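Undergrad:
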Amino acid sequence: MEELTRFLHPDYVECQQCDLCDDRKRMALGEGDPNANIMIIGEAPGSDENRLGRPFVGMSGKVLTNLLVMASACSELAIYRKDQSIDYEDPDEIRDILCWKESIYITNAVLCRPPSDAQGKPTNPQARHIKACMKRLEYEIRKVDPMVILSLGALPATALTKKRKPVSELRRRPHDASITSTNPDILPYVHYPVFTTYHPAFLLKIPDSAPEWKWSYRDIYQAMRAVDMINEREFGIDIPLRLGPPPKE
Ligand code: SF4
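Count along the sequence shown from 1, then add 1376; that gives the number in the working numbering.
(1) Could you please give the first and the last residue of the uninterrupted beta strand (DSSP E) stretch that includes P1569?
(2) Going by the C-beta, is Y1388 closer than 8 Å to any heavy atom of the ligand SF4?
(3) Let's see if you can read the secondary structure: which residues bound the alpha helix (DSSP H) around V1486?
(4) Only counting the same chain, and skipping five residues up and downstream in sequence, which positions put a Cβ closer than 8 Å to that of E1588?
(5) CB-CB under 7 Å to L1372, same chain, minus the five flanking residues each way: which ones, in chain order?
(6) What would DSSP say about Y1456, mapped onto helix, strand or coil?
(7) Taking 6 Å as the limit between beta carbons, can you name the residues of its chain near R1618, skipping five residues before and five after?
(8) In whole angstroms, what separates the C-alpha of S1554 from that of T1381?
(9) Under 9 Å, do Q1502 and R1548 count as touching if we go by C-beta distance?
(10) Going by DSSP, what residues sit across from D1552 in a beta bridge?
(11) Going by CA-CA distance only, name the one from R1400, R1540, V1543 and F1571 that's closest to V1486.
(12) So, for E1407: in the same chain, excluding its five sequence neighbours on each side, which residues have a beta-carbon less than 8 Å away from its beta-carbon?
(13) Within this structure, are the beta carbons of L1526 and I1417 separated by less than 9 Å?
(14) Enumerated in chain order, which unbroken segments of the alpha helix (DSSP H) with a length of 4 residues or greater are wholly contained in the region 1568 to 1619?
(15) Less than 8 Å between C-beta atoms, sequence neighbours within five positions excluded: which residues of the same chain meet that for M1605?
(16) Is L1396 closer than 9 Å to R1518 when the C-beta atoms are compared?
(17) Flag I1455 as yes if its beta-carbon sits less than 9 Å from any beta-carbon of chain C, otherwise no.
(18) Is the distance from the Cβ of C1509 to the Cβ of Q1392 below 9 Å?
(19) Alpha carbon to alpha carbon, how far is E1390 from F1571? Give it in angstroms, no decimals.
(20) Please classify V1389: does DSSP put it in a helix, a strand, or coil?
(21) Looking at the ligand SF4, does it come within less than 8 Å of L1396, judged from the CB to the closest heavy atom?
(22) Can you list, in chain order, the residues of its chain whose CB lies under 8 Å from that of N1500, leaving out five sequence neighbours each side?
(23) What are the boundary residues of the alpha helix (DSSP H) that includes G1529?
(24) Give the DSSP-derived three-state secondary structure of Y1481 in the structure shown.
In structure tokens form, the structure reads like this:
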């Protein structure tokens, strides 16, 4: 399978534009289908991502992959949808299949890992880090030009839509993000619908039986369905059969 594309704004190569560069091993560059329909944006890299220089490759990545596999219509992943207890023999291959077949690009609001707190727990990036990395994120969004954006956690959604609310209030309907266009004299902004759901790292902290797990699946399913509907309306592409309607809330 073809290698996933990684876009990086030229100003951010070896970037030192915020203090997150101090402890970074590697920038976790975004990766995926360069013409993706869905752009998934997380908050910040964790320790595995910092080590490997890729987004969502640790435990959070496993959760994200599982949820995407469940909502995917891809026939190559049918065996994993039927039996969620099957471990992926090659998680990278599953990620590749998802990115190409479901047309996904995955990145984070910041590319470098925020420091841990005094107890060794990961911390969120601060407003100054998001601001410093925003030109790079907008560049990636413009390059990919997705049909929809899916924010994992409230932080990316707030940065893009300026709506300062918790996930519980942001999810269930898309919010508008205005991204500066490449030709602001003709068109100042390009608008993208932003869906929001819980960050996989949050799900890992709550019991499997908590409703947020089902809701996350529902939110991802809805973002994929939105793409299906746009594809049908704009390009006459048949709506694919997905596993089933998401559970009612
Ligand atoms: S988080 Fe973004 S702005 Fe900060 S050092 Fe890393 S690449 Fe640069």
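Just so you know, even glycine gets a beta-carbon here, dropped at the ideal spot from N, CA and C.
These numbers were taken from a predicted model, which means no experiment stands behind them.
TA: On the basis of the supplied data:
(1) P1569 -> beta strand (DSSP E) spans Y1565 to T1573.
(2) With a threshold of 8 Å, the Cβ atom of Y1388 counts as near the ligand SF4, since some heavy atom of the ligand is closer than that.
(3) Counting along the chain, V1486 falls outside any alpha helix (DSSP H), and DSSP gives it neither H nor E.
(4) Excluding residues within five positions, the ones whose Cβ falls inside 8 Å are Y1574, F1578, L1579 and I1582.
(5) Absent from the structure is residue 1372, since the part of the chain shown begins at 1377 and ends at 1625.
(6) The three-state reading of DSSP puts Y1456 in helix, counting H, G and I together.
(7) Shown here for R1618: same chain residues with a beta carbon closer than 6 Å to its own, the five before and five after excluded, namely A1449 in chain order.
(8) In this structure, the straight-line span from the alpha carbon of S1554 to that of T1381 is close to 24 Å.
(9) Here Q1502 is not near R1548, since their CB atoms are 9 Å or more apart.
(10) DSSP, once it has assigned bridges, lists P1569 as partnering D1552.
(11) Minimum Cα distance to V1486 is reached at R1400.
(12) Leaving aside the five residues that flank E1407 on each side, the residues in its chain whose CB is nearer than 8 Å to its CB run, in chain order, L1380, T1381, R1382, R1430, P1431, C1475, Y1481, I1482 and T1483.
(13) A distance below 9 Å separates the beta carbons of L1526 and I1417.
(14) With a minimum length of 4 residues, the unbroken runs of alpha helix (DSSP H) contained wholly in the region 1568 to 1619 fall at 1576 to 1579 and 1587 to 1611.
(15) I1615, listed in sequence order.
(16) For R1518 and L1396, no; Cβs fall outside 9 Å.
(17) The chain inventory of the structure shown lacks chain C, comprising one protein chain alone.
(18) Contact: no.
(19) Here the alpha carbon of F1571 sits roughly 31 Å from the alpha carbon of E1390.
(20) Here V1389 carries a coil assignment [DSSP, helix/strand/coil].
(21) Look at L1396: its beta carbon is less than 8 Å from one of the heavy atoms in the ligand SF4.
(22) Excluding residues up to 5 positions away in sequence, E1419, A1420, P1490 and L1531 lie with their Cβ nearer than 8 Å to the Cβ of N1500 in the same chain.
(23) Per DSSP, G1529 belongs to no alpha helix (DSSP H) and is neither H nor E.
(24) In this structure, Y1481 counts as strand in the three-state DSSP scheme.
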